[in-house]
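Those protein sequence lines, which keep their order, are chains V and U.
The numbers in the numbering used here rise by one with no breaks, and the one at position 8 of the first sequence is 386.
The numbers in the numbering used here rise by one with no breaks, and the one at position 64 of the second sequence is 656.
Where is the CB? At the ideal position from N, CA and C, for every residue including glycine.
None of the values given here were measured: they were computed from a predicted structure.
As C-alpha cells, the structure follows; a few thoughts come after it.
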Amino acid sequence: MQQAENRKSLESVTELEVRYAETDKMGVVYHANYLVWLEIARTKFLERLGFPYIEFEKQGFISPVLSCDLHYGRSCTYGDTVQIHTRVTKVTPVRTEYRYRLYVKGDDVETGKPRFTATTEHCLVRADDFTPVNQKKLFPALYDAYQHAMSDSWDK
Amino acid sequence: MEGKVFHNSVEVRYAETDASGYVNVVNYLTWFDTARDQFMIEIGLPYSEFEAAGYGMPLLHYHIEFDRPVRYGALAHVYSAIVSVQPSRIVVAHELYATNPETDELEHACSAKAKMAFIDEREFKSTDLQAGNPAFYRKLCDYITDEGFGSYIGKTIRP
C-alpha cells in the first residue's frame, strides 16, 4: 500500500455515466442503484487514500455496511453523468462513517441542491466468521490515514 | 395490534450473492420494493392501477440498519407495514429475517424505513393524494400500523 496523501481532509469525486439498465419505467434511475454507486465511490475514496479495498479482502477482511441513510432529491436520468463527492466524516476503532453528495455533471455544485445525499456506516469483519475487528489495532496506518483525511459533514 | 403486517418470502438467488459469500445488500431494496408491490395488490390497490390513474410513488428517504448477513440457500422473510400516511407521502417499514442454512434458525437481517412521495407522474411533481383520489388514500390509511410492529414480529416468529 502506498503512502497516504497529504495530511489534509480528502474529498474524492467519482464520475459515472448512467447506464440504461439502471433506469426504470418511470424514466429515472431506479432507487436501489444509488447504493451500488456509493460502493464505487467508497472504493475510489480508499484508493485515493492509498488503501485499495481489494487489499483488505486479500487479507481475509470485508467491510459490510452497518446502516445507510439515503435522501433522494431530483432524479437522475439516462444521459446524465453523475459525480459523487465522498468524504469520511467519523472514524472510531470499530466504525467508519462516509457521507456522499451526488450531482449531475453540469449542475452548480456551489449553489445547486444535490440530487441525492447519503450517509453510510461500515465496520471491518473477518470474512470467514463475520467477527468485527478493531481497525485501529489491526490496521493502524489506515486508521491514521482516516484521521487525517476526515472532513466535516457538509451540514455543519 | 391495529393495522396489518404483510408477509412475503423470498428464496435467495445465486445472482444476489457477491464475493463476500453473502447476499449483496442492494438486493434487500428490491425485495422491499417487491414486498410493497405485493401488499398493494393485497389491499386492492395494485401499483399498476395506481400508475394507470396517473400517480407515482418515488422514494424520498430510506433509512436502513443491517444486522446479520443473509446467505445463499436461505429463505428470507420480509415483514412490511404502512406506518404513516399523509396527503402527499407514505412511510413503509420493513423487517427482514432469514434462515441460517447451517442452524436452520431465523435471524434478523435488516430493518428499514422507506418514505415515499405521492406524485403526479406526468409532471413528476408532488401531489395531494387525499384531495386527488380520496378512495386510494383511504385504502392506504386503513392499513396504518403501529411502528412498534418490528419488536412484535421479533417476538412472534422467534421460538
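Cα-Cα separation between residue i and residue j, rounded to whole angstroms
| i | j | result |
| --- | --- | --- |
| residue 391 (chain V) | residue 728 (chain U) | 43 Å |
| residue 456 (chain V) | residue 405 (chain V) | 8 Å |
| residue 438 (chain V) | residue 508 (chain V) | 10 Å |
| residue 383 (chain V) | residue 462 (chain V) | Unreliable positioning characterises residue 383 (chain V) in this predicted model, as indicated by a pLDDT of 46, which lies under 50. The coordinate reading is nonetheless provided below. Roughly 20 Å between the two C-alpha positions. |
| residue 380 (chain V) | residue 429 (chain V) | In this predicted model, residue 380 (chain V) has a pLDDT of only 45, less than 50, meaning its place in the structure is not dependable enough to derive any value. |
| residue 472 (chain V) | residue 443 (chain V) | 12 Å |
| residue 751 (chain U) | residue 493 (chain V) | In this prediction, residue 751 (chain U) scores a pLDDT of 41, lower than 50, which makes its location untrustworthy; the coordinate-derived value is nonetheless stated afterwards. If you take the alpha carbons of residue 751 (chain U) and residue 493 (chain V), they lie about 44 Å apart. |
| residue 707 (chain U) | residue 681 (chain U) | 7 Å |
| residue 533 (chain V) | residue 413 (chain V) | 21 Å |
| residue 388 (chain V) | residue 409 (chain V) | 27 Å |
| residue 476 (chain V) | residue 498 (chain V) | 5 Å |
| residue 607 (chain U) | residue 669 (chain U) | 18 Å |
| residue 632 (chain U) | residue 710 (chain U) | 14 Å |
| residue 397 (chain V) | residue 459 (chain V) | 9 Å |
Range of the contiguous alpha helix (DSSP H) that encloses residue i
| i | result |
| --- | --- |
| residue 614 (chain U) | Where residue 614 (chain U) is concerned, there is no enclosing alpha helix (DSSP H), given that its DSSP letter is neither H nor E. |
| residue 421 (chain V) | 411 to 427 |
| residue 713 (chain U) | Counting along the chain, residue 713 (chain U) falls outside any alpha helix (DSSP H), and DSSP gives it neither H nor E. |
| residue 743 (chain U) | 741 to 749 |
| residue 723 (chain U) | 721 to 724 |
| residue 640 (chain U) | 639 to 644 |
| residue 516 (chain V) | 513 to 516 |
Terminal residues of the beta strand (DSSP E) in which residue i lies
| i | result |
| --- | --- |
| residue 468 (chain V) | 459 to 470 |
| residue 437 (chain V) | Premise fails: residue 437 (chain V) is in no beta strand (DSSP E) and is neither H nor E. |
| residue 667 (chain U) | 667 to 678 |
| residue 508 (chain V) | Looking at the DSSP string, residue 508 (chain V) is not in any beta strand (DSSP E), and its letter there is neither H nor E. |
Residues that DSSP places opposite residue i in a beta bridge
| i | result |
| --- | --- |
| residue 528 (chain V) | None; residue 528 (chain V) has no bridge partner. |
| residue 658 (chain U) | U:702 |
| residue 692 (chain U) | U:697 |
| residue 486 (chain V) | BP columns for residue 486 (chain V) are empty, so no partner. |
Mind listing which residues of the region 637 to 655 of chain U have their C-beta closer than 9 Å to chain V's C-betas, in chain order? 643, 648, 650, 651, 652, 653, 654, 655
Can you confirm whether the region 654 to 672 of chain U touches the region 616 to 636 of chain U when touching is taken to mean that 3 or more C-beta pairs between the two stretches lie within less than 8 Å? yes
Closer than 7 Å between beta carbons: that is the criterion. Which residues of the region 417 to 434 of chain V meet it against chain U? none
Residues within the region 502 to 527 of chain V neighbouring chain U, beta-carbon criterion of under 7 Å: 505, 508
Tell me, please, whether the region 513 to 520 of chain V touches the region 635 to 654 of chain U by the rule of three or more beta-carbon pairs shorter than 8 Å. no
Check whether the region 677 to 688 of chain U touches the region 733 to 751 of chain U, taking contact to mean three or more Cβ pairs, one atom from each stretch, closer than 8 Å. yes
Count Cβ pairs between the region 593 to 607 of chain U and the region 476 to 490 of chain V that sit closer than 8 Å; are there 3 or more? no
Would you list, in chain order, the members of the region 440 to 456 of chain V that have their beta-carbon closer than 8 Å to a beta-carbon of chain U? 440, 442, 443, 444, 445, 446, 447, 448, 449, 450, 453
Output needed in chain order: residues of the region 395 to 418 of chain V with a Cβ under 7 Å from some Cβ in chain U. 404, 409, 410, 413, 414
Are at least three pairs of beta-carbons, each pair with one atom in the region 658 to 669 of chain U and one in the region 707 to 717 of chain U, less than 8 Å apart? no
Members of the region 598 to 622 of chain U near chain V, C-beta cut-off 9 Å: 611, 612, 613, 614, 616, 617, 618, 619, 620, 621, 622
Which residues, in order along the region 655 to 689 of chain U, keep a beta-carbon less than 7 Å from a beta-carbon of chain V? 655, 656, 657, 658, 661
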